[in-house]
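**Q**
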Amino acid sequence: MESIFLFLDENLLLIYLLIFTVILGFELISNVPTILHTPLMSGANAISGVVIIGAILLIRNADPTDYLTLSLGALGVVLGMINVVGGFAVTNRMLKMFNKKKK
Amino acid sequence: MLITTVNISYLLGATAFVIGLRQMSTPATARKGNLLATLGMSIAILATLFLPINGADNNYVWIMGAMTVGGIIGYISAIKIEMTAMPQMVSVFNGLGGACAVVLAYTELFQLAEGGIIASEAQLLILLLTLLIGAVAFTGSMLAYGKLQGLVDDRKVTLPRHNLINMAILALLVVLYIYVYVSGSQPGIIWITALLLLSLLYGLSFVAPIGGADMPVVISLLNAFTGLSAAAAGLIYSNNIMMVGGILVGSAGIILTVVMCKAMNRSLTNVLVGGFGENHKSKKEKGDKQVAKEITCADLAVQLYYSNTVMVVPGYGLAVAQAQKVVKRMDNLLSANGVDVTYAIHPVAGRMPGHMNVLLAEADVPYPKLLDMEDANEAMPNTDMVIVIGANDVVNPAAYDDPASPVYGMPVINVWEAKNVVVLKRSMNPGYAGIQNQLFFHHKTRMLFGDAKTTLEELNDEIKSLEG
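Each protein sequence line maps, in turn, to chains A and B.
Residue numbers are given in the numbering used here: position 7 of the first sequence equals residue 7, and the series is strictly consecutive.
For the numbering used here, add 1000 to where a residue sits in the second sequence, where the first one is 1.
#1: If the criterion is Cβ atoms closer than 9 Å, does the pair B:Ser-1009 and B:Leu-1046 meet it?
#2: Whose C-alpha, out of B:Leu-1109, B:Met-1260, B:Ser-1120, B:Ala-1452, is nearest the C-alpha of A:Leu-8?
#3: From B:Trp-1062 to A:Val-85, what distance separates their C-alpha atoms?
#4: Within the chosen definition, does the segment 1216–1228 of chain B reach the segment 1012–1025 of chain B through at least 3 CB pairs nearer than 8 Å?
#5: Going by Cα to Cα distance, which pick from B:Leu-1196, B:Ala-1452, B:Ser-1199 is closest to B:Gln-1322?
#6: Please confirm whether A:Leu-72 has its beta-carbon closer than 9 Å to some beta-carbon of chain B.
#7: Buried or exposed: B:Tyr-1145, going by 16 or more other Cβ atoms within 10 Å of its Cβ?
#8: What is the DSSP secondary structure of B:Glu-1294, counted as helix, strand or coil?
#9: Tell me, please, whether the CB atom of A:Leu-28 is closer than 9 Å to any CB atom in chain B?
#10: Could you check whether the Cβ of B:Thr-1084 sits closer than 9 Å to any Cβ belonging to chain A?
#11: In angstroms with no decimal places, state the Cα-to-Cα distance between B:Cys-1297 and B:Leu-1333.
#12: Rounded to the nearest angstrom, how far is the Cβ of B:Val-1388 from that of B:Val-1313, given a contact under 8 Å?
#13: At 4 residues or longer, and completely inside the segment 1156–1232 of chain B: list those alpha helix (DSSP H) runs for me, N to C.
#14: If you measure between the beta carbons of B:Leu-1112 and B:Pro-1187, is that distance less than 9 Å?
#15: Starting from B:Thr-1005, follow the alpha helix (DSSP H) in both directions and report where the run begins and ends.
#16: Taking 8 Å as the cut-off, is the C-beta of B:Asn-1270 nearer than that to any heavy atom in the ligand GTP?
#17: Looking at the unbroken alpha helix (DSSP H) that takes in B:Asp-1401, where does it start and where does it end?
#18: Could you please give the first and the last residue of the uninterrupted alpha helix (DSSP H) stretch that includes B:Asp-1375?
#19: Keeping to the same chain, check which residues put their C-beta closer than 7 Å to that of B:Lys-1283; ignore five residues upstream and five downstream.
#20: By DSSP, does B:Asn-1414 sit in helix, in strand, or in coil?
#21: Under 6 Å Cβ to Cβ from A:Leu-125, same chain only, skipping five residues before and after it: list those, please.
#22: Could you tell me which of B:Val-1341, B:Val-1182, B:Gly-1354, B:Met-1447 sits nearest to B:Val-1291, measuring between CA atoms?
#23: Would you say B:Ser-1120 reaches chain A, if we count a Cβ-Cβ gap shorter than 9 Å as a contact?
#24: Taking 9 Å as the CB-CB limit, is B:Arg-1022 close to chain A?
#25: Can you give me, in chain order, the residues of the segment 56–71 of chain A that have a beta carbon less than 7 Å from any beta carbon in chain B?
#26: Kindly indicate which residue of B:Met-1067, B:Asp-1057, B:Leu-1222, B:Met-1064 has the alpha-carbon position closest to the one of A:Pro-64.
Printed below as a string of C-alpha cells:
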C-alpha cells in the first residue's frame, strides 16, 4: 500500500495529465454527428495502436541472446503495427468516400 | 540533446492525436484529421527508435523485420477488405492492439517471475491491469468479429444463466489477481499464466451473450479497453505518448459507447446484461400464423414511377447484397421522372452507426438526400411510397406498442405512417435481433422477396420499360 502512495506522490503531474486527458477525450467526442461514429471509432482504434511503442522498447532493452523476449517483442510489434497501419488505412478509406460526395 | 528531440517529438505526436481526433469529429475535416493522427503516430514511432537508452542492445534488425511484416499485413487487409465487412475489420484491428498489450505485460511479468527485474508494488499492479484489460479486449474483439462475420451463432455460445457464469468468472479473476498481487513482487509463472488464460476466457464469455444488434456498442467499448491497456502499458514504460494516446482513446471510446446506447434508447448495463439472445416470448408472436401480402416487381415499378415522393430505408441487407449502386440507379431513373427520392438513415442501421452513410456515399448518393431519423419521421405522412431494403429491427413497430419486445422503447423509423410500404427482404426470417416484425403484416405493407440487388435490377428494368 505504502508504495502505491509513494507512487502517487512521485507522479502527481502524471495524475493531472491523466485527468485532463480523460476530460479532453470526452469533450472531443461529445458532439459528433452519427455519420462519423464508425470512422471515428476506427481512427481512435488506430491511435490505441500506440501500444506498439512499448513493444519496440521491449525489444530495444532485450539481451540479443534472449530469444524468448525478442520473439515475444517481435510478436508485439507485428500485432501493434497491424493495428496502427490497418487502422489508419481503413479509416482513410472510409473517409475518402465522404470527400467524394462533396463534389 | 537527442533526448530533448525525442521528448519534443512525443509532445508533437500527442498534440497531433488530439487535433486529429478533433478534426475527425467534423465531416469537412475528418480525412485531414486522420492523416494528422497518422503523422503523429509516425513521429512517435520514429522517436522511439531513436530514443537513447543506456546500455541497450537495440536489436534494430528484429524491430525492423517485425514492423515490416506487421505493416504489410495491416495495409493489405485494410485495402482488400470489402466495405461491408469494415466493422468486423475494425474489431480485428482492435483485438490485435489488445493482444500487443497482453504480450507486453506477459513478457514483463515473466521477467519478474524469473527474477530478471524487480518491480515496485505499483508497477506490479499496473502490469496485472494491462494483462487483464488487454486480454479481455483481445478475445472479446475476436468473438465480436466472429459474430459479425457470421462465423459464430449467438445462441450457440450463450450458456444458460450466462450472466451468472460471467459474474463467477469475474469474481474468480478478482480473487486470483488479488492473490498474485499480495503474494509479492515475484509472482510464480504458473499463476501469471493462469491469470492470462482466465482473462482471455473472460473476454469471450463477456461478449458471448451480447446479441449481434448490439455489437457496435461492444466494439466501441472494447476499443476503449484497448486504449486503457495501452495507457497502462505507458505507465510501465513511463512513456508519455502511450499514456496520452491510450487515455484519449479510452475516454473517447467510452463516450462514443454511451452516445451509441442513447441512439438505441438503452443503457449500457442493459446492453451488457440484457442479452438479445434470451427467449423473449412476445405476446404478439404467439398469435395465429399471419400472412404477409406480396407484390410483383412490375406493380411496384408502376407505383414508384407515379409517386411524388419515395423514401428508401436501407439496412444491413443492402450492405450484404452490395446493392447500393443499383439503388442509386433506381434513384436516377425515378428522379428523371420528377419523383423526389430521399433516404432515411436510422442511427444504428447496418452493423455500425454511419454504416449506411458510408455505403450510399460510395454509390455517389448526394449528401442532402440523406435524412436522419427525426427528419424522416416528420416527412413520413407526406411520403407516397417507402421502400425498406434489408432493414428490419429499425422499422419494427413493436418498439412502440409491444413492451415484451426486446426493441421496445428504441426509436425507430415510422414507415407505417407513409401511404404505402414495400419491404425488400430475402425471406421471412427475423432480423438480427431475432424477433418477428409486425410491419410485414401491416395492411399498408407489401413484401418483395429476393436478393436485394437482383430484385432491384429487375425493378430498374421494369421502370425503364415504363419510360418506353
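For glycine and all other residues, C-beta sits at the position ideal for the given N, C-alpha and C.
Predicted model, so just to flag it, every value in this text is computed and none were measured.
**A** Taking the geometry as given:
#1: If you number the second sequence from 1, residue 1009 of chain B lands on position 9. If you number the second sequence from 1, residue 1046 of chain B lands on position 46. Yes.
#2: Within the first sequence, the letter at position 8 stands for residue 8 of chain A. Here the closest residue by C-alpha is B:Ser-1120.
#3: Position 62 of the second sequence, counted from the start, is the residue given in the question as residue 1062 of chain B. Position 85 of the first sequence, counted from the start, is the residue given in the question as residue 85 of chain A. The straight-line gap from Cα to Cα measures roughly 18 Å.
#4: No: fewer than three Cβ pairs fall under 8 Å.
#5: For the purposes of this step, residue 1322 of chain B is taken as residue 322 along the second sequence, with counting starting at 1. Nearest of B:Leu-1196, B:Ala-1452, B:Ser-1199 to B:Gln-1322, Cα basis: B:Ala-1452.
#6: Position 72 of the first sequence, counting from 1, holds the residue named residue 72 of chain A. Interface residue, yes.
#7: One-based indexing of the second sequence puts residue 1145 of chain B at position 145. So B:Tyr-1145 ends up on the buried side.
#8: The sequence position of residue 1294 of chain B within the second sequence is 294, counting from 1. DSSP places B:Glu-1294 in strand when its eight states are reduced to three.
#9: Position 28 of the first sequence holds residue 28 of chain A. Yes, its Cβ sits closer than 9 Å to a Cβ of chain B.
#10: The residue labelled residue 1084 of chain B in the question sits at position 84 within the second sequence. False, the Cβ-Cβ gap to chain A never drops below 9 Å.
#11: Locating residue 1297 of chain B in the second sequence gives position 297, where the first residue counts as 1. Locating residue 1333 of chain B in the second sequence gives position 333, where the first residue counts as 1. Approximately 15 Å between the Cα atoms of the pair.
#12: Residue mapping note: residue 1388 of chain B aligns to position 388 of the second sequence, counting from 1. Residue mapping note: residue 1313 of chain B aligns to position 313 of the second sequence, counting from 1. Sure, about 5 Å apart at Cβ, within 8 Å.
#13: 1162–1182, 1189–1207
#14: By 1-based counting over the second sequence, the position of residue 1112 of chain B is 112. By 1-based counting over the second sequence, the position of residue 1187 of chain B is 187. Using a Cβ distance threshold of 9 Å, B:Leu-1112 and B:Pro-1187 count as a contacting pair.
#15: As a position in the second sequence, residue 1005 of chain B is number 5, starting the count at 1. Where B:Thr-1005 is concerned, the enclosing alpha helix (DSSP H) stretches over 1002–1024.
#16: In terms of ligand content, the structure shown is empty, and the ligand GTP therefore cannot be addressed.
#17: Position 401 of the second sequence, counting from 1, holds the residue named residue 1401 of chain B. For B:Asp-1401, the enclosing alpha helix (DSSP H) begins and ends at 1398–1401.
#18: On the second sequence, residue 1375 of chain B is found 375 positions in, with the first residue counted as 1. Counting along the chain, the alpha helix (DSSP H) containing B:Asp-1375 begins and ends at 1373–1379.
#19: Start at 1 with the first residue of the second sequence, and residue 1283 of chain B comes out as number 283. Because B:Lys-1283 sits at a pLDDT of 39, beneath the cut-off of 50, its placement in the model cannot be relied upon, and the following sentence gives the value as read from the coordinates. So the list reads Ala-1404, once near-sequence residues are dropped.
#20: Numbered from 1 along the second sequence, position 414 holds the residue referred to as residue 1414 of chain B. Coil at B:Asn-1414, not helix or strand.
#21: No statement about residue 125 of chain A is possible, as the shown extent of chain A runs from 1 to 103 and does not include it.
#22: Walking along the second sequence from the start, residue 1291 of chain B turns up at place 291. Of B:Val-1341, B:Val-1182, B:Gly-1354, B:Met-1447, the residue nearest in Cα terms is B:Met-1447.
#23: Numbered from its first residue, the second sequence carries residue 1120 of chain B at position 120. So, interface residue.
#24: Locating residue 1022 of chain B in the second sequence gives position 22, where the first residue counts as 1. For B:Arg-1022, the answer is yes, since a Cβ of chain A falls inside 9 Å of its Cβ.
#25: Ile-56, Leu-57, Leu-58, Ile-59, Arg-60, Asn-61, Ala-62, Asp-63, Pro-64, Thr-69, Leu-70
#26: Position 64 of the first sequence, counting from 1, holds the residue named residue 64 of chain A. It is B:Asp-1057 whose Cα lies nearest to the Cα of A:Pro-64.
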